[in-house]
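K.L.:
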Amino acid sequence: MPRIHLSWLLLATAAALRPQVTRRSLCGAAPALVLAPQLSRAADGPSEALLPEAIYAGNDWIADRKLTIIEGDEKAAETAWRALGGAGAFEVLHKEKYTAGFKPTNEKMSFNSEKFPTWASNAQGTVAVDRSVEIKSRGGKSTQLKSAGVKIEDIGRGQIGTKELFVADGVAFSVARAYEPAPLAKMFGIKEVVTTFALAPDGSVGTAPTSTTKSRLHYEKPEVAKNRQEGIKYF
938 MPRIHLSWLL LATAAALRPQ VTRRSLCGAA PALVLAPQLS RAADGPSEAL LPEAIYAGND
998 WIADRKLTII EGDEKAAETA WRALGGAGAF EVLHKEKYTA GFKPTNEKMS FNSEKFPTWA
1058 SNAQGTVAVD RSVEIKSRGG KSTQLKSAGV KIEDIGRGQI GTKELFVADG VAFSVARAYE
1118 PAPLAKMFGI KEVVTTFALA PDGSVGTAPT STTKSRLHYE KPEVAKNRQE GIKYF
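Numbers given in the working numbering equal positions in the sequence shown, counted from 1, plus 937.
See below:
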(Lines of atoms letter the chains of each structure in order from A and count residues from 1; the text may use other names and numbers.)
(Lines give C-alpha, C1' and ligand atoms only; values in the text may rest on other atoms or scores of the structure.)
Protein backbone atom coordinates (compact mmCIF):
# COMPACT_ATOMS: atom_id res chain seq x y z
CA MET A 1 0.00 0.00 0.00
CA PRO A 2 1.42 3.45 -0.91
CA ARG A 3 2.74 5.40 2.04
CA ILE A 4 3.54 9.02 2.77
CA HIS A 5 6.12 10.06 5.37
CA LEU A 6 5.01 12.73 7.84
CA SER A 7 8.26 14.56 7.13
CA TRP A 8 7.13 14.91 3.51
CA LEU A 9 3.75 16.18 4.66
CA LEU A 10 5.41 18.91 6.69
CA LEU A 11 7.70 20.01 3.85
CA ALA A 12 5.07 20.41 1.14
CA THR A 13 4.75 23.71 -0.67
CA ALA A 14 3.34 26.74 1.08
CA ALA A 15 0.86 27.20 -1.72
CA ALA A 16 -0.94 24.06 -0.65
CA LEU A 17 -1.40 25.49 2.80
CA ARG A 18 -2.62 29.00 2.24
CA PRO A 19 -6.30 29.49 3.17
CA GLN A 20 -8.36 28.81 0.09
CA VAL A 21 -11.38 31.03 -0.55
CA THR A 22 -14.18 29.37 -2.44
CA ARG A 23 -17.79 30.12 -3.27
CA ARG A 24 -19.12 26.60 -3.12
CA SER A 25 -22.04 25.66 -0.93
CA LEU A 26 -21.28 24.08 2.41
CA CYS A 27 -22.70 20.77 1.29
CA GLY A 28 -20.43 20.83 -1.75
CA ALA A 29 -17.38 21.74 0.27
CA ALA A 30 -17.53 19.02 2.90
CA PRO A 31 -16.52 16.08 0.65
CA ALA A 32 -13.43 17.96 -0.55
CA LEU A 33 -12.20 18.10 3.03
CA VAL A 34 -12.28 14.37 3.75
CA LEU A 35 -9.78 13.03 1.23
CA ALA A 36 -6.57 11.13 2.05
CA PRO A 37 -3.98 13.14 4.02
CA GLN A 38 -2.49 15.02 1.08
CA LEU A 39 -2.07 18.20 3.11
CA SER A 40 0.63 19.82 5.15
CA ARG A 41 1.70 22.87 7.09
CA ALA A 42 4.54 25.11 5.96
CA ALA A 43 6.44 27.57 8.16
CA ASP A 44 4.17 30.47 7.16
CA GLY A 45 0.91 28.51 7.32
CA PRO A 46 -1.57 28.23 10.20
CA SER A 47 -0.70 25.82 13.01
CA GLU A 48 -4.35 25.00 13.75
CA ALA A 49 -7.75 25.38 12.14
CA LEU A 50 -8.72 29.05 12.39
CA LEU A 51 -12.23 30.48 12.64
CA PRO A 52 -13.52 34.09 12.70
CA GLU A 53 -13.61 35.48 16.23
CA ALA A 54 -16.67 37.54 15.31
CA ILE A 55 -18.81 34.39 15.22
CA TYR A 56 -17.19 31.57 17.14
CA ALA A 57 -15.50 33.24 20.15
CA GLY A 58 -16.31 32.12 23.70
CA ASN A 59 -15.92 29.21 26.10
CA ASP A 60 -19.59 28.87 27.03
CA TRP A 61 -21.10 27.21 23.97
CA ILE A 62 -23.56 24.42 24.78
CA ALA A 63 -22.78 21.54 22.44
CA ASP A 64 -25.04 18.62 21.49
CA ARG A 65 -23.19 15.85 19.67
CA LYS A 66 -24.58 12.74 17.99
CA LEU A 67 -22.43 9.98 16.48
CA THR A 68 -24.16 8.93 13.25
CA ILE A 69 -21.84 6.58 11.32
CA ILE A 70 -18.96 4.21 12.14
CA GLU A 71 -17.41 2.35 9.21
CA GLY A 72 -14.27 0.25 8.80
CA ASP A 73 -11.68 -0.49 11.49
CA GLU A 74 -13.68 0.18 14.65
CA LYS A 75 -10.64 -0.03 16.92
CA ALA A 76 -8.79 2.68 14.99
CA ALA A 77 -11.96 4.76 14.79
CA GLU A 78 -12.45 4.59 18.56
CA THR A 79 -8.81 5.49 19.19
CA ALA A 80 -9.23 8.67 17.14
CA TRP A 81 -12.59 9.47 18.73
CA ARG A 82 -11.23 9.17 22.26
CA ALA A 83 -8.07 11.12 21.36
CA LEU A 84 -10.41 14.00 20.48
CA GLY A 85 -12.14 13.80 23.87
CA GLY A 86 -14.85 11.21 23.26
CA ALA A 87 -16.26 9.60 26.40
CA GLY A 88 -18.79 6.90 27.10
CA ALA A 89 -19.95 4.24 24.67
CA PHE A 90 -18.45 4.38 21.20
CA GLU A 91 -21.50 3.39 19.20
CA VAL A 92 -23.83 4.78 16.56
CA LEU A 93 -26.48 7.18 17.95
CA HIS A 94 -24.35 7.86 21.05
CA LYS A 95 -25.21 11.38 22.26
CA GLU A 96 -23.24 13.86 24.35
CA LYS A 97 -24.07 17.25 25.79
CA TYR A 98 -21.21 19.37 27.06
CA THR A 99 -19.63 22.82 27.22
CA ALA A 100 -17.33 23.69 24.32
CA GLY A 101 -15.18 26.68 23.58
CA PHE A 102 -12.84 28.45 21.21
CA LYS A 103 -9.60 30.12 22.29
CA PRO A 104 -8.16 33.32 20.78
CA THR A 105 -5.04 32.94 18.63
CA ASN A 106 -2.29 35.28 17.49
CA GLU A 107 -2.54 34.04 13.91
CA LYS A 108 -4.03 36.24 11.21
CA MET A 109 -6.53 35.30 8.55
CA SER A 110 -8.98 37.43 6.58
CA PHE A 111 -12.54 36.15 6.31
CA ASN A 112 -15.30 37.40 4.03
CA SER A 113 -17.52 39.18 6.57
CA GLU A 114 -19.88 40.72 4.01
CA LYS A 115 -22.71 38.31 4.82
CA PHE A 116 -21.88 37.24 8.37
CA PRO A 117 -24.95 36.42 10.50
CA THR A 118 -26.67 39.43 12.06
CA TRP A 119 -25.46 38.52 15.55
CA ALA A 120 -21.74 38.47 14.63
CA SER A 121 -19.55 40.98 16.47
CA ASN A 122 -17.05 43.40 14.90
CA ALA A 123 -14.04 41.44 16.20
CA GLN A 124 -11.33 40.95 13.59
CA GLY A 125 -9.24 38.20 15.21
CA THR A 126 -9.20 34.42 14.91
CA VAL A 127 -10.06 31.59 17.29
CA ALA A 128 -9.42 27.85 17.36
CA VAL A 129 -11.05 24.91 19.13
CA ASP A 130 -10.13 24.88 22.84
CA ARG A 131 -9.72 21.15 23.28
CA SER A 132 -8.91 21.44 27.00
CA VAL A 133 -12.38 22.86 27.74
CA GLU A 134 -14.07 20.26 25.56
CA ILE A 135 -12.20 17.25 26.96
CA LYS A 136 -12.86 18.31 30.56
CA SER A 137 -16.55 18.85 29.91
CA ARG A 138 -16.99 15.61 27.94
CA GLY A 139 -15.17 13.62 30.62
CA GLY A 140 -12.64 12.31 28.12
CA LYS A 141 -8.97 11.52 28.54
CA SER A 142 -6.40 14.16 27.66
CA THR A 143 -4.18 12.91 24.84
CA GLN A 144 -1.17 14.53 23.22
CA LEU A 145 -2.15 15.26 19.62
CA LYS A 146 0.64 15.71 17.09
CA SER A 147 -0.54 18.03 14.34
CA ALA A 148 0.68 17.19 10.84
CA GLY A 149 -1.31 19.56 8.67
CA VAL A 150 -4.11 22.12 8.41
CA LYS A 151 -6.44 23.26 5.66
CA ILE A 152 -9.02 26.06 5.91
CA GLU A 153 -11.71 27.11 3.43
CA ASP A 154 -13.79 30.28 3.75
CA ILE A 155 -17.00 29.34 1.99
CA GLY A 156 -18.81 32.61 2.73
CA ARG A 157 -21.62 33.73 5.06
CA GLY A 158 -19.49 32.66 8.03
CA GLN A 159 -19.42 29.08 6.80
CA ILE A 160 -15.95 27.61 7.29
CA GLY A 161 -14.53 24.27 6.19
CA THR A 162 -11.53 22.95 8.12
CA LYS A 163 -9.37 19.85 7.97
CA GLU A 164 -6.62 18.86 10.37
CA LEU A 165 -4.34 15.83 10.32
CA PHE A 166 -3.24 14.37 13.67
CA VAL A 167 -1.26 11.45 15.04
CA ALA A 168 -2.14 10.01 18.44
CA ASP A 169 -1.74 6.62 20.12
CA GLY A 170 -0.30 5.03 17.00
CA VAL A 171 -3.11 6.17 14.68
CA ALA A 172 -3.07 8.89 12.03
CA PHE A 173 -6.41 10.59 11.40
CA SER A 174 -7.92 13.62 9.75
CA VAL A 175 -10.71 15.70 11.27
CA ALA A 176 -12.84 17.49 8.68
CA ARG A 177 -15.46 19.95 9.87
CA ALA A 178 -18.04 22.07 8.08
CA TYR A 179 -19.24 24.97 10.24
CA GLU A 180 -22.59 26.61 9.42
CA PRO A 181 -23.86 29.48 11.62
CA ALA A 182 -27.55 30.29 11.95
CA PRO A 183 -28.48 33.69 10.50
CA LEU A 184 -30.54 35.12 13.39
CA ALA A 185 -29.38 33.57 16.67
CA LYS A 186 -26.09 32.66 18.31
CA MET A 187 -26.01 29.04 17.23
CA PHE A 188 -24.28 26.96 14.56
CA GLY A 189 -24.10 23.42 13.28
CA ILE A 190 -21.11 21.24 12.46
CA LYS A 191 -20.79 18.23 10.20
CA GLU A 192 -17.72 16.30 11.35
CA VAL A 193 -15.92 13.45 9.58
CA VAL A 194 -12.98 11.68 11.22
CA THR A 195 -10.99 9.43 8.89
CA THR A 196 -8.18 7.15 10.08
CA PHE A 197 -5.11 5.94 8.18
CA ALA A 198 -2.58 3.25 8.98
CA LEU A 199 0.61 4.45 10.66
CA ALA A 200 3.72 2.34 10.09
CA PRO A 201 6.55 1.98 12.66
CA ASP A 202 8.77 4.19 10.49
CA GLY A 203 6.26 7.04 10.75
CA SER A 204 4.80 6.72 7.26
CA VAL A 205 1.06 7.18 6.77
CA GLY A 206 -1.01 5.00 4.49
CA THR A 207 -3.03 6.78 1.82
CA ALA A 208 -6.07 4.48 2.03
CA PRO A 209 -8.61 5.22 4.78
CA THR A 210 -9.05 2.48 7.37
CA SER A 211 -12.18 3.87 9.04
CA THR A 212 -14.68 6.73 8.90
CA THR A 213 -16.67 8.19 11.78
CA LYS A 214 -19.31 10.85 11.22
CA SER A 215 -21.00 13.07 13.79
CA ARG A 216 -23.45 15.96 13.81
CA LEU A 217 -23.05 18.76 16.32
CA HIS A 218 -25.20 21.72 17.36
CA TYR A 219 -23.76 24.64 19.34
CA GLU A 220 -25.69 27.47 20.96
CA LYS A 221 -25.11 30.16 23.56
CA PRO A 222 -26.76 29.71 27.01
CA GLU A 223 -29.16 32.60 26.42
CA VAL A 224 -30.35 31.03 23.18
CA ALA A 225 -30.92 27.68 24.88
CA LYS A 226 -32.92 29.43 27.62
CA ASN A 227 -35.04 31.33 25.10
CA ARG A 228 -35.77 28.20 23.12
CA GLN A 229 -36.85 26.43 26.31
CA GLU A 230 -39.25 29.30 26.90
CA GLY A 231 -40.73 28.83 23.45
CA ILE A 232 -39.00 31.64 21.55
CA LYS A 233 -38.51 30.66 17.92
CA TYR A 234 -35.72 31.95 15.70
CA PHE A 235 -36.91 30.58 12.37
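Glycine included, every Cβ here is placed at the ideal spot set by N, Cα and C.
Computed from a predicted structure; not experimentally measured.
By alpha-carbon positions, which one of Val1087, Glu1051, Ala1145, Leu1004 ends up nearest to Glu1101?
P.N.:
The residue given as residue 1101 occupies position 164 in the sequence shown. Nearest option by C-alpha distance: Val1087.
K.L.:
Would DSSP call Asn1164 helix, strand or coil?
P.N.:
Along the sequence shown, read from residue 1 onward, the residue named residue 1164 stands at position 227. Helix at Asn1164.
K.L.:
Quick check on the burial criterion: 16 or more other C-beta atoms within 10 angstroms. Buried or exposed for Ala1017?
P.N.:
The residue given as residue 1017 occupies position 80 in the sequence shown. So Ala1017 ends up on the buried side.
K.L.:
Could you round the C-beta distance between Ala1037 and Val1070 to whole angstroms and report it? I think they count as a contact, below 8 Å.
P.N.:
On the sequence shown, position 100 is the one that residue 1037 refers to. On the sequence shown, position 133 is the one that residue 1070 refers to. Correct: roughly 7 Å between the Cβ atoms.
K.L.:
Out of Ile1097, Glu1117, Thr1144, point me to the one whose CA is closest to Ser1111's CA.
P.N.:
Locating residue 1111 in the sequence shown gives position 174, counting from the first residue. Answer by Cα proximity: Thr1144.
K.L.:
Out of curiosity, what's the CA-to-CA distance linking Val1123 and Gln1081?
P.N.:
Along the sequence shown, read from residue 1 onward, the residue named residue 1123 stands at position 186. Along the sequence shown, read from residue 1 onward, the residue named residue 1081 stands at position 144. According to the sequence provided, residue 1123 is Lys. The question's Val does not apply to it. Taking the straight line from one Cα to the other gives about 31 Å.
K.L.:
Which of helix, strand or coil does DSSP assign to Trp1018?
P.N.:
Here residue 1018 refers to the residue found at position 81 when the sequence shown is read from its first residue. If DSSP states are grouped into helix, strand and coil, Trp1018 belongs with the helices.
K.L.:
Go ahead and label Val1029 buried or exposed: buried means 16 or more other beta carbons lie within 10 angstroms of its beta carbon, across all protein chains shown.
P.N.:
Against the sequence shown, residue 1029 aligns to sequence position 92. With fewer than 16 other Cβ atoms within 10 Å, it is exposed.
K.L.:
Taking C-alpha atoms, which residue in Lys1083, Tyr993, Thr1005, Tyr1156 lies nearest to Phe1027?
P.N.:
The count along the sequence shown starts at 1 and reaches residue 1027 at position 90. Nearest of Lys1083, Tyr993, Thr1005, Tyr1156 to Phe1027, Cα basis: Thr1005.
K.L.:
Could you compute how far the alpha carbon of Ser977 sits from the alpha carbon of Thr1132?
P.N.:
In the sequence shown, residue 977 corresponds to position 40, counting from 1. In the sequence shown, residue 1132 corresponds to position 195, counting from 1. Its pLDDT being 44, under 50, Ser977 is placed unreliably by the model, and the measurement read from it follows with that caveat. Straight-line Cα distance between these residues: approximately 16 Å.
K.L.:
Whole beta strand (DSSP E) runs in the region 1037 to 1078 with 3 or more residues, listed along the chain?
P.N.:
If we require 3 residues or more, the beta strand (DSSP E) runs fully inside the region 1037 to 1078 come out as 1063 to 1066.
K.L.:
State the beta-bridge partners of Gly1086 as determined by DSSP.
P.N.:
Residue numbering aside, residue 1086 sits at position 149 when the sequence shown is read from its first letter. Bridge partners of Gly1086: Leu1102.
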